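2 protein chains.
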Amino acid sequence: MHYTKLEIKDLNRVKRLRLMNSITGIKSANLIGTISEKGCTNLAIFSSVVHLGSNPALIGFVMRPNKDVKRDTLDNILETKQFTINHVHSTFIEKAHYTSISFNHDQSEFDYCNLESFYIDNYLPPFVKESKVKLGLKLNEIIPIKSNGCKFIIGEVEHILIDDSIDFMTEGALNLEISSSVGVGGLNSYYTMNKIIELPFPRLSTNPASDMNEFFKSNFDIFKQ
Amino acid sequence: MHYTKLEIKDLNRVKRLRLMNSITGIKSANLIGTISEKGCTNLAIFSSVVHLGSNPALIGFVMRPNKDVKRDTLDNILETKQFTINHVHSTFIEKAHYTSISFNHDQSEFDYCNLESFYIDNYLPPFVKESKVKLGLKLNEIIPIKSNGCKFIIGEVEHILIDDSIDFMTEGALNLEISSSVGVGGLNSYYTMNKIIELPFPRLSTNPASDMNEFFKSNFDIFKQ
């Protein structure tokens, strides 16, 4: 099957949305929590959260254009300069999914979608209590994307809260199968994960060139030839 | 477990990389294919590909700062204004992973990692033949991220090639379990997907408010109370 640019444009809207949203592969499912200056909380599911760097610890996400719908998440971030990112787990996918409904500004998704808020000292926005992995960020940069009016929102991580009741950390990294964190495919399909392999990471070597040669010879079949 | 900003900064480098790269959840595994003006091909694995919009069909990805390593992918994109994005499947994870090794400019990852290139008429860069989902893009915008020197590269989709030998499209959307497309957790853990649920998508309704009320009452338990 080969779609050209013109054929993509000529698809009906729903088909194009379904194709284009699913074509890039799996996306992380995260709930972004915010609060307005007046104290109204908001919670919204996003599938565009992306790692930007570890030192400083930066994370970005894409906000759709706000021409036709209100964007409480963005308004609240502009007011308080803070937001939380919370993993969605297989136990509360429906509740998380329906945060995407357009509620009124004074209707909190925490109430309507039956999720519990959780706060820490000296930090304004709500975390999602049900999430085993909660991040508290400070707004760093908002970048307008000229191509289609989206905004790329960048925050620095100020807090990482990890539920230690389940051991899903291996040498400092999260095991997403054990944490039962879910991913999104397309607009509305949810997936759980099976960890199938962990491979050595070349960039972490202090002396890449020599180590890699050794590594190739001993481990990687195609370099044995 | 609660890490503050200072505690994240004080972690040793490898631990911080492992924590920060895994903390945002699952990421799609895609191979980006490019070619230089002189005809040297390059292939590199990226976990930061993100959907930006469907009309026009826009996709972005994050490029790390190029201060200490050469970035053949970026150089080639600047030369030809084109790049391909290709799904990684469970059948060739190792080959895809080791494209992250620093090869010389004239060493093609296609050769060294034993993946086959695939071309279409009137389009320069190589696709990955083994990928069941191949996208051909045209460079649209390169956005510098001030916070840490990364670049956000945006392209418009000009070609979508989908292997029709396996039926993994449902009403226009990809089923990532059937296509055996894989995801990355952290730096080096690979996951396959189980599709567990597909939910209605509120934004696709033509009359959200009224439809949603009906929908809530009939389908969503928490709205029955």
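In the order they appear, the protein sequences are chains A and B.
1 is the number of the first residue of the first sequence in the numbering used here; add one for each residue after it.
226 is the number of the first residue of the second sequence in the numbering used here; add one for each residue after it.
Backbone N, C-alpha and C fix where the C-beta goes; we use that ideal spot for every residue, glycine too.
Please read all numbers here as calculations on a predicted model, not as lab measurements.
Inset, instruction - Please classify B/S261: does DSSP put it in a helix, a strand, or coil? - result: coil
Legend entry - beta strand (DSSP E) segment containing A/A57, residue limits: 57–63
Legend entry - Cutoff 8 Å: B/H330 Cβ touching any chain A Cβ: no
Inset, instruction - Could you name the residues of the same chain whose beta carbon sits closer than 7 Å to that of A/T99, not counting the 5 residues immediately before and after it, in chain order? - result: L31, L43, A44, I45, E109, C113
Legend entry - Spatial distance of A/K129 from B/L386 (CA atoms): 42 Å
Inset, instruction - Pull out every residue of the region 116–130 of chain A whose Cβ sits closer than 9 Å to any Cβ of chain B, in chain order. - result: I120
Inset, instruction - Answer with buried or exposed for A/G6, where buried requires no fewer than 16 other C-beta atoms within 10 angstroms of its C-beta. - result: It should be noted that the sequence gives Leu, not Gly, for residue 6 of chain A. With fewer than 16 other Cβ atoms within 10 Å, it is exposed.
Inset, instruction - Less than 8 Å between the CB atoms is what I'm expecting for A/I59 and B/I379, so what's the real figure, rounded? - result: In fact, because the Cβ distance is near 19 Å, the residues do not count as touching under 8 Å.
Inset, instruction - Give the straight-line distance between the Cα atoms of B/T417 and A/K38, rounded to the nearest whole angstrom. - result: 43 Å
Inset, instruction - Please go through the same chain and pick out, in chain order, the residues whose beta-carbon is closer than 6 Å to the beta-carbon of A/D163, but skip the five residues on each side of it. - result: K132
Inset, instruction - Quick one: using the 10 Å Cβ neighbour count with 16 as the cut-off for buried, is A/D72 buried or exposed? - result: buried
Inset, instruction - State the start and end residues of the unbroken beta strand (DSSP E) segment that holds B/H314. - result: Where B/H314 is concerned, there is no enclosing beta strand (DSSP E), given that its DSSP letter is neither H nor E.
Legend entry - Residue environment, B/V275, which counts as buried when at least 16 other CB atoms sit within 10 Å: buried
Legend entry - Check whether A/N148 and B/G410 have beta carbons under 8 Å apart: no
Inset, instruction - Compare the Cα-Cα distances from A/L74 to each of A/I101, A/S47, A/I35 and report the closest residue. - result: A/I35
Inset, instruction - Indicate the three-state DSSP secondary structure (helix, strand or coil) for B/P351 in the structure shown. - result: coil
Inset, instruction - For A/M1, count neighbouring C-beta atoms within 10 Å of its own C-beta (all shown protein chains included) and say buried if the count is 16 or more, exposed if not. - result: exposed
Legend entry - Start-to-end residues for the beta strand (DSSP E) that takes in B/K230: Unbroken run through B/K230 is the alpha helix (DSSP H), 230–235; no beta strand (DSSP E).
Inset, instruction - Please confirm if the region 235–245 of chain B is in contact with the region 391–398 of chain B, defined as three or more CB-CB distances below 8 Å between the two stretches. - result: no
Legend entry - As assigned by DSSP and simplified to three states, the class of B/I345: coil
Legend entry - Proximity winner among B/A321, B/E341, B/E402, relative to B/N171 (alpha-carbon distances): Residue numbering for chain B in the displayed model covers 226 to 450; residue 171 of chain B lies beyond these limits and cannot be assessed.
Legend entry - Contact with chain B by A/T34, beta-carbon distance below 8 Å: no
Inset, instruction - Consider the Cβ of B/K376: report whether some Cβ of chain A lies at a distance smaller than 8 Å. - result: no
Legend entry - Coarse secondary structure for B/P369, derived from DSSP in three states: strand
Inset, instruction - Quick one: which residues of the region 53–64 of chain A get their C-beta closer than 9 Å to a C-beta of chain B? List them in chain order. - result: G53, S54, N55, P56, A57, L58, I59, G60, F61, V62, R64
Inset, instruction - Spell out whether any CB of chain B is found under 8 Å from the CB atom of A/K5. - result: yes
Legend entry - Residue range of the unbroken beta strand (DSSP E) whose run includes B/Y337: B/Y337 -> not in any beta strand (DSSP E); alpha helix (DSSP H) instead, spanning 334–337.
Inset, instruction - Answer yes or no: does any C-beta atom of chain A fall closer than 8 Å to that of B/H314? - result: no
Inset, instruction - Within the same chain, show all residues whose beta-carbon is closer than 7 Å to that of B/K363, passing over the 5 residues directly before and after it, in chain order. - result: K306, Q307, G380, E381, E383
Legend entry - Which of helix, strand or coil DSSP assigns to A/V229: This structure leaves residue 229 of chain A out entirely; chain A is present only between 1 and 225.
Inset, instruction - Compare the beta carbon distance of B/G408 and A/G25 with 8 Å and say whether it is the shorter of the two. - result: yes
Legend entry - Length of the line joining the Cα atoms of A/P202 and B/S405: 25 Å
Inset, instruction - Using the Cα positions of B/L340 and B/T309, report the straight-line distance between them to the nearest angstrom. - result: 14 Å
Legend entry - Cβ shell of A/I232 (< 8 Å), same chain only, five flanking positions each side left out: A query on residue 232 of chain A cannot be resolved here, the shown segment of chain A reaching from 1 to 225 and no further.
Inset, instruction - Kindly indicate the opening and closing residues of the alpha helix (DSSP H) around A/M20. - result: 13–22
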